[in-house]
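Comments concern the structure below.
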Amino acid sequence: MSKRICRAAVVHRFGGPEMIEVADCGMPQIKNPNQVLVRNHASGINPVDTYIRAGQYAKLPTLPYSPGKDGAGIVELVGDAVKNVKAGDRVWYGMESGSAGEYNVVNRPFPLPDGVSYSEGASLGVPYMTAYRALFHLAGAKTGDVILVHGASGGVGSALMQLAAWRNIEAVGTAGSKNGLQYLKRLGAKHVYNHSETGYVAKMKADYPGGFNYIFEMAAHTNLNTDLGLLAPRGKVAVIGNRSETTINARQLMVTEGAVFGVALGMSSEAELSDFGHNIVNFLKETEHRPIINKEYSLEQLGQAHKDIMENSGAKGNLVVKID
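Number 324 marks the last residue of the sequence shown (full-length UniProt numbering); no jumps.
Below, the structure is given as structure tokens:
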């Protein structure tokens, strides 16, 4: 019997997007009874994928490796201990490895509800799990709170806006263009502000004199010091994105007894990731909110997608590779 092969993106050496190639590879094999083999139909693309490919991440895979942490597809084989899905089920997964290929072995598959496309399912993992961890697990936001998502039009920001609406949390968002502001309104933003305009911070302070209970920051290197002046008493800033060092006036934290904390999805335990995933499934079933797809690529265009996600940091929604 001939050995089954599949097509997958492969990185043999850390470096730029040109390091990604598509090749025929051996079929991934289930190695323990809790795993499933998924025939991928879509693979999500996240900024963290580019850091890993460049060799600029704390935990790097052994070379060669197949990129991609998020995917969606159909279960082909299940391990003996798997109870929550069966062969033929539509599933999504996040925080795994190797989604940029026709097949992948997955440890934590979640049901993909009817009406949610594979591209939408592949956009759930890192963005929505990060948002869920930040908003509920770490911040503990609840109905009645007022939050600011500073840079809300990307994958994680969009997820934060939608998850907040799900729990009746008042969400305010910023974007850098008029189109971006309209996009945020469709996500359920109570108020929107253009962070490329002079004076937008003063407008927020006038509209929200009591400040924000939580601020979710996508560009702390630019905005962190500003955020500290927007906090409600005992409010908190969650740092989700940062690209360089910054300087803050710590006295602002004393005035409000505020705090700053970081968000790292990679710090999650297996139990936490499972909890996030199951709650995201409930969110999909209970609302009409879905991930917003900005652009779809072929597997051969993955290198270009890696360029696009870093060069268009203000882009709306998610980038996805479709795998047929």
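Where a beta carbon is used, it is the ideal one built from N, C-alpha and C, also for glycine.
Residue i (DSSP reduced to helix, strand or coil)
| i | result |
| --- | --- |
| arginine 4 | coil |
| asparagine 107 | coil |
| proline 47 | helix |
| alanine 53 | For the sequence presented, residue 53 should be read as arginine rather than alanine. Helix. |
| alanine 87 | coil |
| glycine 322 | The sequence shown places lysine at residue 322, rather than the glycine named in the question. Strand. |
| leucine 63 | coil |
| leucine 148 | strand |
| valine 75 | strand |
| isoleucine 292 | coil |
| aspartate 24 | strand |
| glycine 68 | coil |
| alanine 58 | coil |
| alanine 305 | helix |
| leucine 124 | coil |
| alanine 131 | helix |
| valine 255 | helix |
Distance CB(residue i)-CB(residue j) smaller than 7 angstroms
| i | j | result |
| --- | --- | --- |
| alanine 100 | serine 43 | yes |
| valine 10 | proline 47 | no |
| serine 153 | tyrosine 183 | yes |
| methionine 161 | glycine 188 | yes |
| aspartate 70 | valine 126 | yes |
| arginine 290 | glutamate 120 | yes |
| glycine 68 | isoleucine 30 | no |
| leucine 72 | tyrosine 118 | A small correction: the amino acid at residue 72 is alanine; leucine does not occupy that position in the sequence shown. Against a cut-off of 7 angstroms, the Cβ pair of tyrosine 118 and alanine 72 comes out as a contact. |
| threonine 198 | leucine 224 | no |
| valine 320 | alanine 122 | yes |
| glycine 155 | asparagine 318 | yes |
| glutamate 296 | valine 22 | no |
| valine 106 | tyrosine 93 | yes |
| alanine 305 | isoleucine 45 | yes |
Closest Cα partner of residue i within the set the options
| i | options | result |
| --- | --- | --- |
| histidine 137 | Gly277, Ala219 and Ala81 | Gly277 |
| lysine 307 | Arg7, Ile20, Gly210 and Arg13 | Ile20 |
| leucine 37 | Glu245, Arg13, Ser97 and Pro67 | Ser97 |
| isoleucine 147 | Ala250, Pro17, Val263 and Leu231 | Leu231 |
| methionine 310 | Asp114, Glu76 and Pro17 | Pro17 |
| aspartate 114 | Asn282, Ser298, Gln301 and Ile323 | Asn282 |
| glycine 241 | Gly15, Lys31, His221 and Val320 | His221 |
| methionine 267 | Ala23, Gln29, Ala165 and Thr130 | Thr130 |
| arginine 13 | Asn168, Phe212 and Ser66 | Ser66 |
| tryptophan 166 | Val320, Glu286, Glu270 and Gly210 | Glu286 |
| alanine 134 | Ile52, Phe110 and Val239 | Val239 |
| proline 111 | Asp324, Leu60, Leu284 and Ala271 | Leu284 |
| leucine 253 | Gly229, Glu272, Gly262 and Ala271 | Gly229 |
| valine 255 | Glu270, Glu272, Gly211 and Ala271 | Gly211 |
| glycine 262 | Gly303, Leu302 and Ala219 | Ala219 |
| serine 269 | Val172, Met95 and Asn168 | Met95 |
Nonlocal neighbours in the same chain, by C-beta distance under 7 angstroms from residue i, ignoring five residues either side
| i | result |
| --- | --- |
| aspartate 227 | His150, Ile215, Glu217 and Val237 |
| cysteine 6 | Cys25, Met27, Gly101, Glu102 and Tyr103 |
| lysine 316 | Ser153, Gly180, Tyr183, Ile292 and Asn294 |
| alanine 264 | none |
Sequence-distant residues of its chain with Cβ nearer than 8 angstroms to residue i (five each side left out)
| i | result |
| --- | --- |
| serine 274 | Arg108 |
| isoleucine 74 | Val38, Arg39, His41, Gly88, Asp89, Arg90 and Val91 |
| serine 196 | Gly176 and Ser177 |
| asparagine 249 | Asn225 and Leu228 |
| lysine 185 | Val192 |
Own chain residues within Cβ distance below 6 angstroms of residue i, not counting five before or after
| i | result |
| --- | --- |
| methionine 1 | With a pLDDT of only 42 at methionine 1, under 50, the local geometry of the prediction cannot be trusted, and the value read off the model is given with reservation. Closer than 6 angstroms at the Cβ level, and outside the excluded window around methionine 1, lies no residue. |
| residue 326 | The requested residue 326 does not occur in the structure, where the chain is confined to residues 1 to 324. |
| tyrosine 128 | Ala159 and Ile280 |
| arginine 243 | His221 |
| alanine 8 | Cys25, Ser66 and Gly101 |
| glycine 55 | Phe14 |
| arginine 4 | Met27 |
| asparagine 84 | none |
| alanine 81 | Pro33 and Asn34 |
| lysine 322 | Ala42 and Glu296 |
Any beta strand (DSSP E) of 3 or more consecutive residues that is wholly inside the region 134 to 207: 146 to 150, 170 to 175 and 191 to 194
What are the complete beta strand (DSSP E) segments, minimum 3 residues, inside the region 216 to 244? 231 to 239
Segments assigned alpha helix (DSSP H), at least 4 residues, entirely inside the region 262 to 291: 270 to 286
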